[in-house]
Every structure is written in C-alpha cells, then in structure tokens.
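Numbering (my numbering), first residue to last: 3 to 306.
Ideal placement from N, C-alpha and C gives every residue a C-beta, glycine not left out.
Written below as structure tokens is the structure these notes are about.
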Amino acid sequence: MSDNTLLSAEIKKLQKERNAIILAHNYQCPEVQDLADVIGDSLELARQAQKTDADVIVFCGVDFMAETASILNPGKTVLMPAKEAQCPLAAMLPPDVIQVAKEKYPDAKVVMYVNTTAAAKTYADIICTSGNAVKVVESMESDEILFAPDKNLAYYVQQRTKKKIIPIPNYGMCIVHDNIKPEYVKTIKKKYPNAKLTVHPECLPEVQEIADHIGSTKGMMEYVKNDPSKEFIIGTEEGIIHRMKKEAPGKIFHPINPLPTCRNMKKTNIQNLYEALLDMKHEVKVPSKIADKARKPIERMLNL
Ligand code: 13P
Ligand code: SF4
C-alpha cells in the first residue's frame, strides 16, 4: 500500500471519530479532491458549510473561504490544513478603500465579492460569488453599485446589467486569472480549432470577449458536462481539470499555456490535512465582533 493510501485511510478514520466534513474547492490538488465529501465553487461550499450537521468542518481552500464557513457556524470548529493559504485578491481591498468610495457615492450599494477578508465584509450590503454576481446586483434597489474588489468580474457584471457598476479599487484582480493573456488563449484556440473555450469571469475582458462560455467553477463544470462538444479549452486554474476528467469521461480538456496555477490553493495536501484532523489544529476563528457584522451580508446572499 502506498503512503498516500495509508494516509487517506487514516484521514477517513479520524474524520469519523471527529464527526468532520471535508470541503474542497475545485482548484485543490487531485489527492485532496479525491478525499473530500464535497467539491465545489465558493457558493456551493458556503451553502454546504451553512447546512452541515458535522461538528468539524475541514476547509481545503484559501483563507476567505474558511473564514466564511466559520462566520456561518460560530459554534463549530473550522480547520484549515494550510493556514497560510491566502487569496491575494482578498488582500486587495483594505476597509479604508471602501469607506472612501462610500463617501464619494453615498447612494450606491456595496456588493462585495466573497473573495474578501471578514473585516472588509462588514462594510458590504451584500456578498456575491462569481456564480451569482449578476443576480445579486440585480436584486439591489440602488442603480449605482460599488463592486469590490475584482475589476474583471465587475466588467463581466457590467455587460449584463443596466445598473452602473463602479469597481473599487479599480486595480483589484486575481493574479492567476489576470495573467491568462489573450495571446495565450488565441494560440491554443488556433491549435485546437474544434475546442470550445470556457473561462472564469475573473479573466481579462479581452479573454471574456472571445470565450464561448463564462462561468464560476461550478458553471464551467456544468458546461463541459452538458455541452455536446468533445473538446474544451479551460480558462481557469488547472486544478479543475482533474474533476472535469472524472465527471466528463471521454472528453478532452486543454489547459492554458503557461499553466494557470494558484500557489495558495496548492498549499493543502493530504499530509497537512491528516495533521490538522489528528491534532485538531489550524482552527479558523473570526472575532465575534467582526463575524456578527460580516454574517448579515453573507446570509443576505444565501437567502436570495
Ligand atoms: P469560484 O467561486 O468560481 O469557484 O471562484 C473562486 C475563486 O477563487 C476563483 O479564482
Ligand atoms: Fe484567489 Fe485567484 Fe487563487 Fe482564486 S485563483 S484563490 S481568486 S488567487
């Protein structure tokens, strides 16, 4: 038996003893995905975190995802095997930037991407994910929306609503998706002319414009499973291709070159997952003063 198989068996045993659920984002490495109870996009994972009756939530993803799970479950233990896995996009929205924008646009509502810190979320009227951003914006009473912090997702929403979308800050972006240059995509499209191009809305506007489909990681999964095409170019972090191959067998998936890899998503592995469960360590706890304020806009989104 390989070391990984032994470790996986130990994790399953500990999971039962601790009554733990393992949630993993679509970008996690294959070994972690294969062990998870639920694999999903940010929205699906937040919903799972909200409804689980497990005592312990082991979150395999990045900081803002585990924080959201903890905010929704103040009475539960949320463990993050790679505590240092931070989303750089979430760090691009310091609360003072929101405060200044709110003063400049007093009538605007603040729609904030879930990829933000818990402290930033306390300034939001409502949270959104890439899977529901348009629906969330449309649900707001105001015609002016301060949209933070991803400028490319803001562009995606602006193409689909009549409301005025004001990106704050105007430089916010995911370093992984923003780095998928239109020329990389065009080269792959030329090489595989029959392949459909699906991309994440964190990609640059020029990449969105040439895509056949744009969606959250859940949306992308559904697209490759349901579209009759046999071949796809995957405009997002490469980790999702493992799941696509498993759930859409017989189809062909071409990653972007150079390979878009989120270093932070790859910090979780089955060794640190095992250690977190064994010693019940790397707990994520949001101070209750912040959590109580941040919970409202998250719940508003989940209740939509
Ligand atoms: P999804 O909600 O689409 O899974 O996106 C999360 C993310 O971090 C994208 O980079
Ligand atoms: Fe953050 Fe981008 Fe990584 Fe997603 S892919 S977790 S937005 S850095």
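- Here M67 has H27, S44, L47, F61 as same chain residues with Cβ atoms under 7 angstroms from its own Cβ, once five neighbours each way along the sequence are excluded.
- By the Cβ rule, the stretch 99-118 counts as touching the stretch 136-151, because three or more pairs are nearer than 8 angstroms.
- For Y276, no beta strand (DSSP E) run applies; the uninterrupted alpha helix (DSSP H) run containing it begins and ends at 272-281, by DSSP.
- DSSP, read as helix, strand or coil, puts M114 in strand.
- Relative to the non-hydrogen atoms of the ligand SF4, the Cβ of P83 never comes closer than 8 angstroms to any of them.
- The distance from the Cβ of C205 to that of E239 is about 11 angstroms, inconsistent with a contact at the 8 angstroms cut-off.
- Fewer than three beta-carbon pairs drawn from the stretch 190-201 and the stretch 145-162 are found closer than 8 angstroms, and the two stretches are therefore not classed as touching.
- In the three-state reduction of the DSSP assignment, G221 falls in the helix class, which pools H, G and I.
- In the three-state reduction of the DSSP assignment, H284 falls in the coil class, being assigned neither a helical nor a strand state.
- A contact between stretches requires three or more CB pairs, one per stretch, nearer than 8 angstroms, and the stretch 30-44 meets this requirement with the stretch 272-279.
- In the DSSP assignment, A26 falls within the beta strand (DSSP E) that extends over 22-27.
- Taking a contact as a CB-CB distance under 8 angstroms, the pair V159 and V178 does not count as one, their CB atoms being some 20 angstroms apart.
- Secondary structure note for P169: its beta strand (DSSP E) is the uninterrupted segment 166-169.
- With a cutoff of 9 angstroms on beta-carbon distance, L306 and V138 are scored as near each other.
- In this structure, the CA atom of G42 is about 21 angstroms from the CA atom of I128.
- Boundaries of the alpha helix (DSSP H) around P97: 97-106.
- In this structure, the alpha-carbon of T163 lies about 21 angstroms from that of K104.
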